[in-house]
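In the working numbering, the protein residues as written are 1083 to 1665. C-beta: ideal position from N, C-alpha, C; glycine also. Since the structure is predicted, the reported quantities are computational estimates derived from the model, not experimental observations.
Structural data, given as structure tokens:
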């Protein structure tokens, strides 16, 4: 036995010597793990790290970046088992962070009646008719994504679909989630009649004779939503899978998920998704993108208790971000809150969603225990209202690194961008209204309408110029984070970057408010490092730096010049933790 062991040892030593002679610089065998699992080389790596903006090679080990720079600087990290990825000069960027999505809600929408991009009333009705044909009598027909601006602005009515849905209740949300269409069967189930009064923070739209049209705005949707059967756990888990795959296909490796929470919806949905879907997926190894979760503001104490028990980072996949609430509605639903009325509805200033004093007290309590707070504000008055509230909370609770967020920050009064900067408020902007057509251009070129014209119609030309003030915010030293608000519009960071740079609506020859265009570097940063800072994830994400998680995207292009000129780049591959996740 002893002689046999000696013989095997001698044979192993001979093999080692042979391999070493073939390439004396390569670590063929080692008594330790290979230095790098993956080495990316011959690439144009935009790190979004000011200490080393550009590199051509990167070494990854155990899901994190080990070293980045020239190939000669990482060559000694190549060992037995190391995979080398030669990108032949293609561009690499950090994994994109979408700063505002409704992830599981979006996944569910993919499984329901899809109304995004429809620009004809007849096609709208046709989609519902097809859904009814495949549904059981009495079952709910659910879906959404419709945008009345695409077919000229006329709002849909229950009468459009009543004849084809006599036995099925229907509930279809607008693209922004702040307005829904119910058919007469659903209205009857909800007890909504001519005598029904508007709930606080919502509107039941009616005809001149007082009959409900079927349209419900913001908190008025709560009259119907509790009647809809709850979505099964299996459906929600499948929705996460579909949504995650869709995000990875667009180069998104991390999302800020604000949940299935809209005015009028139950606060329990976000918590049920957390326990039934996210925790399950994490424990069973089925998470494929990273999520930063925000929960309804009124449940702040529950989130505080959870963070005290498990910490803010539950795993490499799940980060407990903070709490979110609403100040107003949306522009498309004419419920965004403005100082001046809508031009085409002179008695309508929009809606304040919820009570200011309650919002202030909840924010004060959340901030006192260290929770990050994000408030939805679209209109100029709503944005100033929240800035006033944040300033009050800061004065009461003292100065600290809190990174208060305003979600959307869409229409701002003169001087408001400077207030964002002075107070250190993050502007988490989503280009869902004015630029939704531009973002959709990559996918539905035949379904386009210049939304900028729609905004001019609603607000007037002068007030419309105060929309999406990206450069004004940056010039006021505001942390600018980009997102999609998916499924309001499709997840598409490359489209968002080009939109922020060009600001040219479809069929326009010139940019819309060109002074608010931002550079390529600032746009890229808003989807990466600034987006990470906006949710306290910048120590692990947002740039390709040593020690950070190795989330990166390989683009189809070899030069940004081609992208700037044509905007034709696509995602070749998406890596999460150094592992290829798409395709």
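Taken through DSSP and simplified to helix, strand or coil, residue 1594 comes out as coil. In the structure shown, residue 1512 adopts extended strand secondary structure according to DSSP, grouped into three states. Residue burial is scored here from C-beta neighbours: residue 1340 has at least 16 other C-beta atoms within 10 angstroms and is therefore classed as buried. The residue among 1235, 1211 and 1171 with its C-alpha nearest the C-alpha of residue 1416 is 1235. The beta carbon of residue 1227 sits closer than 7 Å to the beta carbons of 1191, 1196, 1197, 1198, 1257 and 1569 from its chain, once the five residues preceding and following it are set aside; these are given in chain order. Contact check for residue 1118 and residue 1160: beta-carbon distance about 6 Å, within the 8 Å limit, so the pair qualifies.
Shortest Cα-Cα distance from residue 1140 to any of 1608, 1659, 1368 and 1273 involves 1659. Contact between residue 1624 and residue 1560 is ruled out by a C-beta separation of about 17 Å, above the 8 Å threshold. Look at residue 1301 here: in three-state DSSP terms it is helix. In this structure, 1555 is the residue among 1631, 1617 and 1555 with its C-alpha nearest to the C-alpha of residue 1605. Contact between residue 1505 and residue 1476 holds: CB atoms are separated by about 7 Å, below the 8 Å threshold. Counted as a single uninterrupted DSSP element, the alpha helix (DSSP H) harbouring residue 1445 occupies residues 1438-1450. Unbroken alpha helix (DSSP H) runs of no fewer than 4 residues, entirely contained in the region 1114-1199, are found at 1153-1156 and 1185-1191, following chain order. Under the three-state reduction of DSSP output, residue 1349 falls in the coil class, being neither helix nor strand. Judged by DSSP secondary structure, residue 1602 falls within the alpha helix (DSSP H) whose first and last residues are 1602-1608. A straight-line Cα-Cα distance of about 22 Å links residue 1237 and residue 1567. Shown here for residue 1652: same chain residues with a beta carbon closer than 6 Å to its own, the five before and five after excluded, namely 1638 in chain order. Per DSSP, reduced to three states, the secondary structure at residue 1583 is helical. Counting only residues of its own chain and dropping the five nearest sequence neighbours on each side, residue 1469 has a CB closer than 6 Å to the CB of 1501. The continuous alpha helix (DSSP H) containing residue 1206 extends over residues 1203-1215. In terms of Cβ geometry, residue 1223 and residue 1321 do not form a close pair [threshold 9 Å].
The region 1385-1403 and the region 1416-1435 do not touch, with fewer than three beta-carbon pairs separated by less than 8 Å. By the Cβ criterion, the region 1276-1293 is not in contact with the region 1151-1166, since fewer than three pairs of Cβ atoms, one from each stretch, lie closer than 8 Å.
The beta carbons of residue 1334 and residue 1378 sit no closer together than 9 Å. With contacts defined as CB atoms closer than 9 Å, residue 1493 and residue 1511 fail to qualify as a contacting pair. In this structure, residue 1269 sits near residue 1296, with a CB-CB distance shorter than 9 Å. Cβ-Cβ distances below 8 Å link residue 1207 to 1242, 1243 and 1246 in the same chain, with the five nearest sequence neighbours on each side left out; the list follows chain order. A direct Cα-to-Cα measurement between residue 1462 and residue 1436 gives close to 17 Å. Between the C-alpha atoms of residue 1305 and residue 1274 there is a straight-line separation of about 8 Å. Distances from the CA of residue 1640 to each of 1127, 1122, 1120 and 1121 were compared; the closest alpha carbon is that of 1127. Under DSSP, residue 1328 forms no beta bridge with any residue. Ranked by how close their Cα comes to the Cα of residue 1407, the residues 1441, 1392 and 1173 have 1441 in first place. When the Cα atoms are used, residue 1583 and residue 1508 turn out to be separated by approximately 20 Å. Here residue 1404 is bridged, per DSSP, to 1376 and 1454. Residue 1298 is a Cβ neighbour of residue 1346, given a cutoff of 9 Å. Assignment of beta-bridge partners to residue 1548 by DSSP yields no partner.
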